[in-house]
Amino acid sequence: MCPTVLKGSFISGFCVPSSAKIVREVVFSVLRDACIDGDLSIPEALAVVKDIFAETAKKFYKLDVSSRYSDVEPHHLSTSFQKEQNGSLTDVTLVIPQQRFYSSVKKHGLGLSVECMGMTSVCDDVAQDTWLPPSGEVRNVPDLSTKCRVPWAKHQEMVLADMLIEPGKAWQYCPRDVLRRFSKILEDDYGLVLTVGVEVEFYILKTILKDDKVEVQSFDRTPYCSTAATDAASSVLDEIVASMQSLNINVEQIHSEAGKGQFEIVLGYTDAITQANNLVYTHEVIKGIARKHGLLATFMPKYSPDGSWPYREEQSAHDAGSGSHVHISLSKNGENVFTASGDYNRYGMSKFGESFMAGVLSHVRSICVFTCPIPNSYERFKNKAWNGLFFVGG
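No gaps in the numbering here: position 331 of the sequence shown is 331 in UniProt numbering, and each next residue is one more.
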C-alpha cells in the first residue's frame with residue numbers, strides 16, 4: 001500500500017466528496033483483505049486508518065489538536081460472559097464499568113444466585129422440579145486468560161467467568177470446571193487428551209417493511225454451497241471471520257448451508273477447554289456482527305418449526321434446522337487412538353474406537369439431554385430435514 005497516493009487522494013476529497021468516498025472504499029477493501037489474510041490484526045488496521053485519515057489531515061492543515069481535540073481514553077466497559085450449562089443452555093451476561101472491573105471484580109468477581117442456573121431459555125422463570133435451592137449465591141470470577149477486546153465494539157472487552165463458592169474452589173455445577181476436571185481425569189488416569197472440532201450452523205435473517213409492518217425474512221433463498229449466498233453475505237461473513245481470527249479462533253471454512261439463509265462456520269480442532277471458550281465467543285461474534293449490519297443471526301435448532309411464524313414466509317416446513325456438529329477425538333502421545341492400526345481394521349477403527357462408539361450408541365438417548373437441551377431441539381427431528389432422526393445400527 002502506498003500512503004502517499006492515498007493521502008493525496010484523501011486531501012482532494014475535501015473538495016470532491018466522491019473522491020473521498022472512493023478512497024474510503026479502497027482503504028476498507030485493502031485493510032479488510034489484510035485482516036482476513038492474517039497480515040493485519042483488527043487493531044492494527046484501525047491504526048492504519050487513523051494514520052491515513054486523521055493524522056494526515058492534522059499535518060496537512062496544520063491543526064493544533066494538542067488540547068481540545070487530543071485523544072481522550074473513554075471509560076471502557078468490561079463485559080463478563082458466563083455460559084451456564086443448565087438444562088436450557090442459558091447465557092448470563094453482566095456488564096461492568098472498566099474502573100470497577102479492575103478495582104474489584106477482576107479479583108472478587110460478582111455474585112449470582114444459584115437459582116439462576118435453573119432458569120429456562122423460554123421464559124424468565126425457574127424450571128419446575130429444579131433441585132437448586134431458592135437461596136445462596138456463587139461468585140462469577142473472571143478467567144483473565146479469556147479476556148479480549150470486543151471486535152465490533154472496540155471500547156468494550158469481554159471475559160469468561162468461573163463460578164466459585166469460595167476463593168479457589170469451584171461450584172460443583174460450574175460447567176467450565178466440570179470440563180476441566182473431566183479433561184484432567186482423562187489425562188492423569190488414562191494418558192488421553194480430548195480434542196474437539198465444531199461445525200456451527202446458523203441462519204441470517206433480515207427485516208423488511210410489508211403492509212406498514214416490519215417482518216423478518218430469510219437473508220437468502222439459494223441452495224446448499226451456493227456462491228450467490230456467500231456473495232450476498234460477503235460483507236457480513238468477511239467481518240465475522242476477521243473478528244474470529246482476531247480472537248485467535250481458527251476458522252477452517254465457511255459455506256452456505258441447505259436452509260434458506262443458513263450458513264456454517266467450521267472451527268479447527270483444538271483441546272476441549274479452548275474449544276468450549278471458542279464456541280461461546282463464536283456465537284457472540286456472529287450475533288454481534290449480524291446486529292452491526294442490521295441483521296439477525298439465530299442458532300435455534302428449528303427457528304420456525306411449524307411454518308406459521310412470520311420468519312418462514314412460504315418456505316417448506318422441511319427446511320433444514322441448525323445444529324452444532326461436535327467432532328471428538330482422543331489422542332495418546334500425539335496419536336489418535338480411534339485410528340485402526342495393524343491387522344485389526346474392520347471399520348477403519350481401533351478396538352478402542354469401537355468401544356467408544358458403542359458407548360455413545362448405548363447412551364445416545366441420555367446424551368440428548370446435552371445435545372438437544374430445549375423443546376425446540378425436537379422440532380428439528382423431522383423427516384427430510386438433515387438430522388439424526390433414526391437410531392440404527394449395522
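Even glycine gets a Cβ: it sits at the ideal position worked out from N, Cα and C. Remember, predicted model here, so these are calculated numbers, not experimental data.
Item: First and last residue of the beta strand (DSSP E) that includes T207?; Value: V193 to K210
Item: Work out the CA separation of E25 and S256 for me, nearest whole Å.; Value: 26 Å
Item: Using the Cα positions of T339 and Q275, report the straight-line distance between them to the nearest angstrom.; Value: 22 Å
Item: DSSP three-state call for H363: helix, strand or coil?; Value: coil
Item: When the Cα atoms are used, what is the spatial distance from D162 to A228?; Value: 42 Å
Item: Starting from V285, follow the alpha helix (DSSP H) in both directions and report where the run begins and ends.; Value: A272 to K292
Item: Measure the beta-carbon distance from P375 to S246 and round it to whole angstroms, keeping in mind my assumption that it falls under 8 Å.; Value: Actually they are not in contact, since the Cβ atoms of P375 and S246 sit about 36 Å apart, beyond 8 Å.
Item: Just the Cα atoms here: how many angstroms apart are Q85 and A232?; Value: Interpretation of Q85 is limited by its pLDDT of 39, a score under 50 that renders its predicted location unreliable; no figure is taken from the coordinates.
Item: Please state the DSSP three-state secondary structure of T298.; Value: strand
Item: For R139, report the span of its beta strand (DSSP E) as first-last.; Value: E137 to P142
Item: Apply the 10 Å Cβ neighbour rule to A358 and answer buried if 16 or more other Cβ atoms are within range, or exposed otherwise.; Value: exposed
Item: Taking the alpha-carbon positions, what's the H325 to Q262 distance?; Value: 15 Å
Item: Roughly how many angstroms separate the alpha carbons of K349 and S329, rounded to a whole number?; Value: This sequence places Met at residue 349; Lys is not what is there. Going by the C-alpha atoms only, they are around 12 Å apart.
Item: Can you give the Cα-Cα distance for H99 and V105, rounded to whole angstroms?; Value: Checking the sequence, you will find Gln at residue 99 rather than His. Distance between the alpha carbons of Q99 and V105: 9 Å.
Item: In terms of residues, what are the limits of the alpha helix (DSSP H) holding E252?; Value: It is not in any alpha helix (DSSP H) - E252 instead sits in the beta strand (DSSP E) that spans V251 to S256.
Item: Does the beta-carbon of Y378 have 16 or more other beta-carbons within 10 angstroms, so that it is buried, or is it exposed?; Value: exposed
Item: Can you name, in chain order, every residue of its own chain whose Cβ lies under 7 Å from the Cβ of D238, other than the five neighbours on each side?; Value: R32 and I36
Item: Please report the distance separating the alpha-carbon of D306 from that of V141.; Value: In this predicted model, D306 has a pLDDT of only 43, less than 50, meaning its place in the structure is not dependable enough to derive any value.
Item: Under a three-way DSSP split, which group does C148 fall into?; Value: strand
Item: Could you check if residue 411 is buried or exposed, using at least 16 other CB atoms within 10 Å of its CB as the buried criterion?; Value: Outside the displayed span of the chain (1 to 394) sits residue 411, for which this structure offers no information.
Item: Roughly how many angstroms lie between the CA atoms of Y224 and I254, to the nearest whole one?; Value: 12 Å
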